[in-house]
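Residues in the sequence shown are numbered consecutively from 1, following UniProt numbering. What follows is a short report on a single structure.
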Amino acid sequence: MTHALTRFLSLLRSFPDLTEEQRAQYIVDPHRRFTRSSPLTFRRTVAFILQLVRKSTAVELHDFFGYLGLAPVTKSAFAQRRRYIRPAFYRDFFYRSVTDFYACFRHARRWRSYLLFAVDGTGQTLPREGWIGEAFGFHQNQHDNVPSTRILLTYDLLNRIILRADLHTQNSGEIRHAYPNVERLPQDAIYIYDRGYAGYGLPFLHRRHGSDCIIRLPIDMSPEVRDFVRSGEPDRLIIVELKDRAYRTLRDLGQQPVWRQPLELRLVRVELSMGEVEVLLTTLMHRRRFHYRRIGELYGLRWGVETGISHLKSFLQLALTSAYTQPGVEQDLWSTFWFYNVQSACLLDRELVKQARTKDRKYSYRINRNGFTKGPLPLASLRTDQAVATHPLPGRRTALAGPHQSPAR
1 MTHALTRFLS LLRSFPDLTE EQRAQYIVDP HRRFTRSSPL TFRRTVAFIL QLVRKSTAVE
61 LHDFFGYLGL APVTKSAFAQ RRRYIRPAFY RDFFYRSVTD FYACFRHARR WRSYLLFAVD
121 GTGQTLPREG WIGEAFGFHQ NQHDNVPSTR ILLTYDLLNR IILRADLHTQ NSGEIRHAYP
181 NVERLPQDAI YIYDRGYAGY GLPFLHRRHG SDCIIRLPID MSPEVRDFVR SGEPDRLIIV
241 ELKDRAYRTL RDLGQQPVWR QPLELRLVRV ELSMGEVEVL LTTLMHRRRF HYRRIGELYG
301 LRWGVETGIS HLKSFLQLAL TSAYTQPGVE QDLWSTFWFY NVQSACLLDR ELVKQARTKD
361 RKYSYRINRN GFTKGPLPLA SLRTDQAVAT HPLPGRRTAL AGPHQSPAR
């Protein structure tokens with residue numbers, strides 16, 4: 001295990017060490033809760049939820065405390081304990097995993113010194129309880145109103161890290177949540193959007209805040225785009241004005257746009273294997289450094305966010321929650337995002353080892369991240385105290401970063 005992963009896990013383990021101010025922020029009634037000696041300490045309650053409770057709670061408690069060498073507690077005891085932890089703790093723990101990853105993994109993958117992010121959204125159904133729908137929103141089908149939420153993900157394509165997750169209802173579009181995010185995102189990065197985000201508002205914001213973007217456009221979006229498609233040119237520099245819907249949306253969100261502000265952008269033509277033509281809009285203006293073929297290849301990497309969403313839903317079973325309350329459901333959602341990031345950090349750490357072991361083999365190998373979705377990974381947030389002395393931390397670290405390699409055929 002590299003020094004980067006060791007430091008990353010050490011920083012994560014320090015987060016549950018709450019100050020008095022943090023206890024007031026994250027714990028309900030902090031002067032009474034998690035103050036007495038109990039098998040369900042604050043750290044253990046946190047770690048149990050972080051391990052993603054997907055089976056019966058009683059079975060999960062038995063396995064969890066058996067791993068610690070302790071007698072299991074009851075479901076009722078756990079349900080009462082988790083009520084005293086606010087979902088904001090798991091949200092901030094998730095964002096701490098993001099900050100610590102980029103601080104520790106200086107060898108994180110980049111493309112020509114740029115981080116590559118894809119921005120995309122997905123829907124997620126939630127437990128069918130009225131109070132869940134009141135908190136997160138509903139999705140209406142032909143039979144009923146189903147509690148659900150929308151999740152807007154900003155996803156690191158090369159390192160498989162969820163940089164940001166925004167929960168919102170079905171009543172607001174993804175692009176309205178993507179606009180305010182631009183000023184909070186890293187500048188040394190390229191952000192890739194599908195055609196659901198087509199328009200000139202996002203390029204305006206990325207240009208203002210010092211980052212770059214690539215957006216897929218409908219081929220009939222505007223006269224400039226239609227003329228470019230007919231021309232057959234591989235790329236073209238255009239100047240557009242910020243007006244109409246893009247201007248109004250930016251104004252309504254408090255972004256202070258300038259009416260009819262000229263914006264220099266670049267259109268790139270991509271011809272698919274079936275003969276279809278697609279158009280990309282980008283703020284990467286340097287034609288020699290960013291050849292039009294490279295722009296198309298970069299957009300092709302956007303599929304990685306779809307794979308990440310599939311992993312969240314299929315392997316980490318995002319739809320399965322261990323609670324039927326609004327705080328409990330939110331705890332589980334943020335815990336799943338945290339789990340995904342820590343798992344990705346372990347995978348990145350093992351990539352160099354995998355390459356050395358498989359360099360002389362016929363097939364190229366990939367690490368099967370589903371091979372260590374459960375077990376010791378969440379316990380990285382626990383300290384090596386008497387309660388976990390039967391399972392020393394170095395051994396657990398080795399287990400969570402195990403090989404689990406499969407040939408890519």
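We treat Cβ as the ideally placed atom computed from N, Cα and C, and that holds for glycine.
With DSSP collapsed to three states, give me the class of residue i.
i: Arg150; result: strand
i: Val229; result: helix
i: residue 434; result: Examination of residue 434 is not possible in this model, given that the chain is present from 1 through 409 alone.
i: Pro262; result: strand
i: residue 428; result: The question about residue 428 has no answer, for the chain in this structure spans 1 to 409.
i: Gln256; result: coil
i: Tyr299; result: helix
i: Tyr155; result: strand
i: Val119; result: strand
i: Phe8; result: helix
i: Asp29; result: coil
i: Asp92; result: helix
i: Met1; result: coil
i: Ala387; result: Model confidence at Ala387 stands at a pLDDT of 43, short of 50, so the residue's coordinates are unreliable and nothing is read from them.
i: Asp194; result: coil
Taking the alpha helix (DSSP H) that residue i belongs to, which residues open and close that run?
i: Tyr247; result: 244–252
i: Val59; result: 57–68
i: Arg209; result: Just to set this straight, residue 209 is His in the shown sequence, not Arg. 201–209 is the extent of the alpha helix (DSSP H) around His209.
i: Thr74; result: Looking at the DSSP string, Thr74 is not in any alpha helix (DSSP H), and its letter there is neither H nor E.
i: Asn341; result: 326–358
Using 10 angstroms around the beta-carbon of residue i, count the other beta-carbons present and answer buried if the total reaches 16, otherwise exposed.
i: His107; result: exposed
i: Gly199; result: buried
i: Val342; result: buried
i: Gln331; result: buried
i: Tyr247; result: buried
i: Thr74; result: exposed
i: Trp334; result: buried
i: Gln256; result: exposed
i: His3; result: exposed
i: His209; result: exposed
i: Leu320; result: exposed
i: Ser322; result: buried
i: Ser344; result: buried
If distances are taken between C-alpha atoms only, which option among the options comes closest to residue i?
i: Met285; options: Pro262, Val268, Thr19; result: Val268
i: Ser97; options: Trp338, Lys359, Leu202; result: Trp338
i: Phe204; options: Arg294, Leu61, Glu241, Arg150; result: Glu241
i: Phe15; options: Leu40, Ala4, Val28, Val46; result: Val46
i: Pro186; options: Ser211, Tyr193, Gly173, Arg195; result: Ser211
i: Ile27; options: Leu40, Arg86, Arg81, Ser56; result: Arg86
i: Tyr114; options: Thr307, Leu298, Phe65; result: Leu298
i: Ala178; options: Ile161, Arg160, Tyr155, Leu263; result: Tyr155
i: Gly300; options: Ile238, Glu224, Leu272; result: Leu272
i: Asn171; options: Ser148, Arg110, Ala71, Ile239; result: Ser148
i: Glu20; options: Arg13, Leu11, Pro30, Thr6; result: Pro30
i: Gly123; options: Tyr95, Leu153, Arg110; result: Leu153
i: Asp120; options: Arg208, Arg251, Tyr193; result: Tyr193
i: Asp244; options: Gln261, Ser231, Ile309, Tyr191; result: Gln261
i: Arg294; options: Ser322, Leu237, Arg112, Arg207; result: Arg112
i: Thr325; options: Gly133, Leu250, Ser76; result: Gly133
i: Arg160; options: Leu352, Ala118, Gly173; result: Ala118
Using DSSP's beta-bridge definition, name the partner residues of residue i.
i: Leu52; result: Looking at the DSSP assignment, Leu52 forms no beta bridge with any residue, so it has no partner.
i: Ile132; result: DSSP, once it has assigned bridges, lists no residue as partnering Ile132.
i: Arg236; result: Leu267
i: Trp111; result: Tyr114
i: Leu217; result: Val279
i: residue 470; result: Nothing about residue 470 can be read from this structure; the chain reaches only from 1 to 409.
i: Thr125; result: Ser148
i: Glu224; result: Paired residues: none, contrary to the question.
I'd like the span of the beta strand (DSSP E) that includes residue i, first residue to last.
i: Val279; result: 277–282
i: Ala178; result: Not the beta strand (DSSP E): Ala178 falls in the alpha helix (DSSP H), residues 174–181.
i: Tyr365; result: 365–367
i: Leu163; result: 161–168
8 Å is my cut-off, CB to CB: does residue i come that close to chain B?
i: Val279; result: Looking for chain B here will not work: only one protein chain is present.
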